[in-house]
Structures are given as structure tokens and as C-alpha cells.
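Below: one structure, written as C-alpha cells.
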Amino acid sequence: MDTRTIEEMFKEFASYVALGVELLAVAVIAVGAIEAIAGVIMQKSNPLRPFAWKKEVFIRFGSWLLLGLEFALAADIVRSAISPTWTQIGQLAAIAGIRTFLNYFLERDVDKFTEQSAEVEEVHTPNDTVEARV
Numbered sequence: 093m094d095t096r097t098i099e100e101m102f103k104e105f106a107s108y109v110a111l112g113v114e115l116l117a118v119a120v121i122a123v124g125a126i127e128a129i130a131g132v133i134m135q136k137s138n139p140l141r142p143f144a145w146k147k148e149v150f151i152r153f154g155s156w157l158l159l160g161l162e163f164a165l166a167a168d169i170v171r172s173a174i175s176p177t178w179t180q181i182g183q184l185a186a187i188a189g190i191r192t193f194l195n196y197f198l199e200r201d202v203d204k205f206t207e208q209s210a211e212v213e214e215v216h217t218p219n220d221t222v223e224a225r226v
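Per the working numbering, the sequence shown starts with residue 93, numbered consecutively.
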């Protein structure tokens, strides 16, 4: 075997790996979307916190999106190993940069809403009654 044949086999293998990881990213996002739709349809509204279910759906869907973006970014990294031209590498870098940017801000928002949800948990008062703190 000459090195050109091995290089071509590596590029073909890497492109299949990248495609598989991208398919996984799509599947993860699709599962998250289905779960979010189910969460909206089967919402449980609390009169003390009427919008809490929206935050819960956002947090869960955001977590799925974060995971999907991580897989998409992994596929981009694999593709960068097989990109032969600077133009293709530049395009991959731009896509990876945008995905990293989205990932950062989405993760920040999910963390913020998660912390807010934790602060709103039920608190016991001195006379042992339970209240919701908003």
C-alpha cells in the first residue's frame, strides 16, 4: 500500500465518523424538541408560579440543544482533520465559532434559569407551614 491510498482511506473513514456524529447531533436535538413539545402540551401550571413550567421546558430543551451543539462541534473538529483547502478550513472555523458562541450563551442562560429555579423552591417558615418563595 502506498501512502496516498492510506490517506484516502483515512479521509473516507473520518468523513463517515463526522457524518455519524452529525446524525447523532440531529437525533439528540430531535429528542429534545419532542420532549419540549410534550412539556408544552402537558404543562402543569402552578397558581403561585404560573410561568414556572415555561422555564422548566426551556431548561430541559436548552440542555438537549447544548448536547446537540457539542456533537455538531465534534463533527466539525473531525471534518477539519480532512479538509484539504484553506477555504474549507475557514468555513469550518466560522461554523465552529458560531456554534461555540451559541453554546456559550445558551449554557449561560440555562445555568441562570436553573439557579433561579433552585432559589424558588419551597421554604419552611418558623411555624412549619410551607410557602413558595418567588
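C-beta atoms are modelled at their ideal positions from N, C-alpha and C, and glycine is treated no differently.
Item: contact_flag[the segment 122-137, the segment 93-111] where n(CB pairs < 8 Å) is 3 or more; Value: no
Item: C-alpha distance - F150 paired with A167, whole-angstrom precision; Value: 25 Å
Item: Per-residue burial, V118 [other beta carbons within 10 Å of its own, 16 or more giving buried]; Value: exposed
Item: Short Cβ contact (8 Å threshold) for S172 with L184; Value: yes
Item: Proximity test, Cβ basis, 8 Å: N195 and chain B; Value: Judged by its chain identifiers, the structure shown contains no chain B, having just a single protein chain.
Item: N-terminal and C-terminal residue of the alpha helix (DSSP H) that T192 is part of; Value: 178-211
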